[in-house]
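Reviewing the structure listed below.
2 protein chains.
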Amino acid sequence: MAEPLFRRLALIGLGLIGSSIARAARARGGIAGEIVACDRNRAVRERVAELGIADRVEADPARAVAGADGVILCVPVGAFADVAATIAPALAEGAIVSDVGSTKQSVLRDVAPLLPPHVHFVPAHPLAGTEHSGPDAGFAELFEGRWSLITPPSGTDRNAIEKVAELWARLGSMVEIMEPGHHDRVLAIVSHLPHLIAFTICGTADDLADETRQQVLKFSASGFRDFTRIAASDPEMWRDVFLNNREALLEMLARFTEDAQAMARAVRWGDAGYIEDKIRRGRVIRRSLIELKQA
Amino acid sequence: MAEPLFRRLALIGLGLIGSSIARAARARGGIAGEIVACDRNRAVRERVAELGIADRVEADPARAVAGADGVILCVPVGAFADVAATIAPALAEGAIVSDVGSTKQSVLRDVAPLLPPHVHFVPAHPLAGTEHSGPDAGFAELFEGRWSLITPPSGTDRNAIEKVAELWARLGSMVEIMEPGHHDRVLAIVSHLPHLIAFTICGTADDLADETRQQVLKFSASGFRDFTRIAASDPEMWRDVFLNNREALLEMLARFTEDAQAMARAVRWGDAGYIEDKIRRGRVIRRSLIELKQA
């Protein structure tokens, strides 16, 4: 590959995702001629410098994006408006601004109005992550074989969309274009609601009487443990996701709660047929996943 | 080991757990001089004979337990009363009757009154399993390093309790004695509620509009997939568990629902501090599990 996709790529936020992009760009090549890493946290900046995963480390987002033809916001979505306001005056003519946020309508709402007309805004969301966070948690293979969803607002420049799609393809992802509102509904059920449930049940268990709580930990292998794994994820990131996909998340939670109450009623009144039918539907879904090789 | 723990061990029900006991008894030795396998399902009996994991295969539970000094019920807990009534007249003097059911108060309620006074009833529950079922799903290592809980009613013969504890130790388990009501509360939160939630969210997803449902499957890796794994478990077994641990399960579900509603309210009103606090508690629990090496 003669020419990298971006001459200078600025990453704002070097946590799990940002540091994985930096590592993957290095490992795979053809992505960035120069990588500028920016984080407001001094300890993160020092660690990134030690790890040697960027060509330059900056504290100031405006300095980081100056002269960059690619900028990716990798901070929690609640910080997007502040970062966008800070970088807007420094963005180069024709630069592509993208992000990795888990909520896409909020990103359009918070970022698009602040950007100058001479840049292209192409939001994206790699469906990849682990329950670990911080620059040491990242790894070059994080995006391989995972989906990345691109959610451009209508009227976005085709070349800019294609460049962001190509970026994620070169990082190892499968790419799909999706309407931002649809993205938020799909993610509410596949990701945001499962995380809300996992966080909640950990709290429910933690509120139990002392003796029982100890035994919850001891005997967690019976199902509870699977919930705690996804409950270990980054608190600031998830707080922002919940607050920024409010409508879709509350709708999915309301649907789930209705269904759980219907199940509770069947348990209370001994409606074996209803319970068995619901369980069988879960199995069908699991089998579909296995056929789709997603399991 | 000169003498096996049981001269003749009868297993009633050869699904995942029953067939794993048979395999482990063979593989480890010192457990049973003779293994009699009984299943009401002809296809299961034929498969067990083909697998060669029992010395004798019987269709009639009364014939299977005749002359056995150990009997383990490995059918769904809803079938326990029927099986107990069938085997009671055929049980040998001094035989130990145990089980592997996931609900222990119901087992005491359903089985104890039907057994003759000349046998010992020592209920047990190995906290082991997979999402697969049937005689082909079993394997000899299933119980290794997993807890098995023994829940004898008060007044149970000490030697009989020790023999059942020794059985599970020889099958590879760690063993703990627990009061049946306490068992049911602990299992309600660590196992039964997580399964009910997993089955329910699969149904909630399945009810979504066609296009979204397809994408739920496609993008399931973002959290939903972890729920579908535990939702793949045996429908009859779980139907019976829910119906036979009704009180504790409904109480834990009510607590969870209150907590989920409080989270919903915090999301609706933008209470970032509340949300972050709940997420942090989930992480603390996860960390405790890792320290306890349960994760």
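Order-wise, the sequence lines are chains A and B. Residues in the first sequence are numbered consecutively from 433, following this note's numbering. Residues in the second sequence are numbered consecutively from 433, following this note's numbering. For each residue, glycine too, the CB sits at the ideal point set by N, CA and C.
Terminal residues of the continuous beta strand (DSSP E) containing residue i?
i	result
S580 (chain B)	W579 to I582
F659 (chain B)	No beta strand (DSSP E) holds F659 (chain B); the alpha helix (DSSP H) holding it covers F656 to I662.
L505 (chain B)	G502 to L505
R440 (chain B)	F438 to I444
G484 (chain A)	Segment: none, G484 (chain A) is in no beta strand (DSSP E) and carries neither H nor E.
V489 (chain B)	R488 to E490
V497 (chain B)	Careful: V497 (chain B) lies outside any beta strand (DSSP E), inside the alpha helix (DSSP H) at P493 to V497.
A556 (chain B)	A556 to P558
What residue range is occupied by the uninterrupted alpha helix (DSSP H) comprising residue i?
i	result
E594 (chain B)	R590 to R602
F631 (chain A)	L625 to D638
S530 (chain A)	Taken as a continuous stretch (DSSP letters only), S530 (chain A) belongs to no alpha helix (DSSP H), being part of the beta strand (DSSP E) at I528 to D531.
E683 (chain A)	R678 to W701
A457 (chain A)	L448 to R460
E573 (chain A)	Unbroken run through E573 (chain A): none, as it is neither H nor E.
H614 (chain A)	P612 to L619
I463 (chain B)	Looking at the DSSP string, I463 (chain B) is not in any alpha helix (DSSP H), and its letter there is neither H nor E.
V745 (chain A)	Residue coverage of chain A in this structure runs from 433 to 727, which leaves residue 745 (chain A) outside it and unanswerable.
L649 (chain A)	D642 to K650
G714 (chain A)	A704 to E723
A513 (chain A)	F512 to I519
D542 (chain B)	Q537 to V543
Whose C-alpha, out of the options, is nearest the C-alpha of residue i?
i	options	result
V532 (chain A)	A:L505, A:A516 and A:A524	A:L505
L649 (chain A)	B:Q646, B:T632, B:D666 and B:S623	B:S623
A442 (chain A)	A:P558, A:G465, A:R460 and A:R713	A:G465
A517 (chain A)	A:I528, A:P545 and A:T562	A:P545
D642 (chain A)	B:H614, B:I453 and B:R712	B:H614
A459 (chain A)	A:F571, A:L625 and A:T644	A:F571
R495 (chain B)	B:R474, B:G484, B:I485 and B:P521	B:P521
P667 (chain A)	B:E608, B:I707 and B:R671	B:I707
F512 (chain B)	B:E490, B:T535, B:G655 and B:A524	B:T535
L724 (chain B)	A:W670, A:L675, A:R671 and A:A653	A:A653
R719 (chain B)	A:I621, A:D589 and A:R657	A:R657
E598 (chain A)	A:G502, A:L685 and A:D542	A:G502
L681 (chain A)	B:R477, B:A698, B:L437 and B:P612	B:A698
A457 (chain B)	B:L523, B:I485 and B:P548	B:I485
R617 (chain A)	B:L619, B:L640 and B:L625	B:L640
G445 (chain A)	A:G462, A:E435, A:I711 and A:V476	A:V476
A704 (chain B)	A:N676, A:R687 and A:D703	A:N676
L574 (chain A)	A:E679, A:E435, A:F651 and A:S451	A:S451
K595 (chain A)	A:I463, A:E478 and A:I449	A:I463
G561 (chain A)	A:P549, A:F651, A:Q646 and A:I453	A:I453
E490 (chain A)	A:E478, A:V497, A:C470 and A:F674	A:C470
R440 (chain A)	A:L523, A:I449, A:V507 and A:D492	A:L523
R671 (chain B)	B:F438, B:E435, B:P508 and B:L483	B:P508
L437 (chain A)	A:A620, A:I593 and A:E683	A:I593
E608 (chain A)	B:N591, B:N473 and B:Q647	B:Q647
V515 (chain A)	A:V543, A:G499 and A:V673	A:V543
Write down the C-beta distance between residue i and residue j rounded to the nearest angstrom, noting that I regard them as a contact closer than 8 Å.
i	j	result
M386 (chain A)	T583 (chain A)	The first residue shown for chain A is 433 and the last is 727, placing residue 386 (chain A) beyond what the model contains.
L721 (chain B)	L628 (chain B)	Not confirmed; about 21 Å, so no contact.
H552 (chain B)	D589 (chain B)	5 Å
P555 (chain B)	V539 (chain B)	5 Å
V468 (chain B)	R488 (chain B)	5 Å
Q537 (chain B)	P612 (chain B)	5 Å
A754 (chain B)	F659 (chain B)	The structure shown has nothing for residue 754 (chain B), since chain B only spans 433 to 727.
Just checking residue i against the ligand SAH - is the residue's beta carbon closer than 7 Å to any of the ligand's heavy atoms?
i	result
R474 (chain B)	By its list of ligands, the structure shown contains no ligand whatsoever, and the ligand SAH lies outside what it can speak to.
**Item:** Three-pair Cβ contact test at 8 Å for the stretch 596 to 604 of chain A versus the stretch 569 to 579 of chain A
**Value:** At 8 Å Cβ cutoff, the stretches touch.
**Item:** Residues of the stretch 558 to 585 of chain B whose Cβ lies closer than 9 Å to any Cβ of chain A, in chain order
**Value:** Within the stretch 558 to 585 of chain B, the residues whose Cβ lies closer than 9 Å to some Cβ of chain A are L559, A560, G561, E563, R578, W579 and L581, listed in chain order.
**Prompt:** Any residues in the stretch 649 to 665 of chain B with a beta carbon nearer than 9 Å to a beta carbon of chain A? Which ones, in chain order?
**Reply:** For the stretch 649 to 665 of chain B, which is checked against every Cβ of chain A, the residues closer than 9 Å are L649, K650, F651, S652, A653, S654, G655, F656, R657, D658, F659, T660, R661, I662, A663, A664 and S665.
**Asked** On the three-pair Cβ rule with 8 Å, is the stretch 679 to 691 of chain B touching the stretch 623 to 641 of chain A?
**Response** Yes, they touch.
**Message:** Closer than 7 Å between beta carbons: that is the criterion. Which residues of the stretch 669 to 681 of chain A meet it against chain B?
**Reply:** Within the stretch 669 to 681 of chain A, the qualifying residues are W670, R671, F674, L675, R678 and L681.
**Request:** Decide if the stretch 565 to 576 of chain B is in contact with the stretch 519 to 530 of chain B; the criterion is three or more beta carbon pairs, one per stretch, under 8 Å apart.
**Result:** Contact between the stretch 565 to 576 of chain B and the stretch 519 to 530 of chain B is not established, with fewer than three Cβ pairs separated by less than 8 Å.
**Prompt:** Below 8 Å, can you find three or more Cβ-Cβ pairs linking the stretch 653 to 667 of chain A to the stretch 715 to 725 of chain B?
**Reply:** Note that the stretch 653 to 667 of chain A touches the stretch 715 to 725 of chain B; at least 3 beta-carbon pairs, one per stretch, sit closer than 8 Å.
**Request:** Compile a chain-ordered list of the residues in the stretch 595 to 607 of chain A whose CB is closer than 8 Å to at least one CB of chain B.
**Result:** Along the stretch 595 to 607 of chain A, there is no position whose C-beta sits under 8 Å from a C-beta of chain B.
**Asked** Looking at chain A, which residues of the stretch 688 to 710 of chain B have a Cβ within less than 7 Å of any of its Cβ atoms?
**Response** Against chain A - using a Cβ distance shorter than 7 Å - the residues of the stretch 688 to 710 of chain B are F688, T689, D691, A692, M695, A696, V699, R700, G702, A704, I707, E708 and K710.
**Prompt:** What residues from the stretch 443 to 475 of chain A come within 8 Å of chain B, judged by C-beta to C-beta, listed N to C?
**Reply:** Answer set for the stretch 443 to 475 of chain A: empty.
**Message:** Please identify, using Cβ separations under 9 Å, the residues of the stretch 608 to 635 of chain A that lie next to chain B, in order along the chain.
**Reply:** Listed by position along the chain: E608, M610, H614, R617, V618, L619, I621, V622, S623, H624, L625, P626, H627, L628, I629, A630, F631, T632, I633, C634 and G635.
**Asked** Name the residues in the stretch 517 to 542 of chain A whose C-beta lies less than 8 Å from a C-beta of chain B; which are they?
**Response** In summary, no residue of the stretch 517 to 542 of chain A has a CB separated from any CB of chain B by less than 8 Å.
**Residues of the stretch 493 to 515 of chain A whose Cβ lies closer than 7 Å to any Cβ of chain B, in chain order** = So nothing in the stretch comes that close.
**Request:** Mind checking the stretch 711 to 726 of chain A against chain B and listing, in chain order, the residues whose C-beta falls within less than 7 Å of any C-beta there?
**Result:** Per Cβ criterion, the list reads I711, R712, R713, G714, R715, I717, R718, S720, L721, L724 and Q726.
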